[in-house]
Every structure is written in structure tokens, then in C-alpha cells.
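Trainee: Numbering (the numbering used here), first residue to last: 4 to 100. If you scroll down you'll find the structure; I have some questions about it.
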């Protein structure tokens with residue numbers, strides 16, 4: 004049984020870090036604090052070994068778009084692309100059961 008009423012949305016972010024991770028953990032912690040304040044945010048699961056996988060859960064596509072437009076989140080994304088990630092992908096899925 005789902006933690007939240009369906010339908011809801013899952014944003015699946017996978018990444019491979021390069022060797023320059025200075026500041027990465029601090030930014031991750033800041034983003035985790037910030038995302039919990041976002042309207043429509045339901046929760047998050049995350050794991051990192053060689054590949055990082057973070058799945059965030061949202062009540063609506065509008066809530067996801069608002070998070071994507073958040074200026075602090077945009078800055079973190081730009082830093083990730085420029086500084087920390089060798090590769091990454093993002094998928095948005097509708098959870099129906």
C-alpha cells in the first residue's frame with residue numbers, strides 16, 4: 004500500500020559523481036532542507052554508491068515545476084552540471100498504485 008493517495012508523481016534522479024566533490028555534501032544537505040519546505044513535496048528516498056539514485060515524491064506536476072523553478076535549486080543544478088556530475092538523468096513518473 005502506498006504512503007500517499009494516488010496518483011502522485013516520482014522524480015527519479017540518477018547520477019555519477021566525478022572525483023571533485025568539494026562542497027557536494029553541503030549542497031545536498033541544503034537541498035534536502037529546502038525541498039522539505041516545498042508545497043506538494045511528499046517525501047524522498049536516496050542511495051549512493053557508485054551510482055546515486057534519488058527519488059522524490061510529489062503531489063502534482065505543478066509542484067514539480069515549482070521546485071524546478073526554485074532559484075536555489077536552479078543554482079544547485081548548475082553547480083552539479085558544471086562541477087560534480089560526470090553524468091546524470093532525470094525521469095518523471097506518474098504513480099497510480
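Glycine is no exception: its CB is placed at the ideal position from the N, C-alpha and C atoms.
#1: Taking the Cβ atom as the reference point for each residue, do residue 13 and residue 58 lie within a distance shorter than 8 angstroms?
#2: Would residue 87 and residue 15 qualify as a contact pair, given that the criterion is a beta-carbon distance under 8 angstroms?
#3: Given 8 angstroms as the limit, is there contact between the region 59-77 and the region 29-49, that is, 3 or more CB pairs closer than that?
#4: For residue 68, which of 22, 33 and 41 has the nearest alpha-carbon?
#5: Should residue 34 go down as buried or exposed, given a rule of 16 or more other Cβ atoms within 10 Å for buried?
Mentor: Once the coordinates are examined:
#1: yes
#2: Residue 87 is not a Cβ neighbour of residue 15, given a cutoff of 8 angstroms.
#3: Touching, yes.
#4: With distances taken between Cα atoms, residue 68 lies closest to 41.
#5: buried
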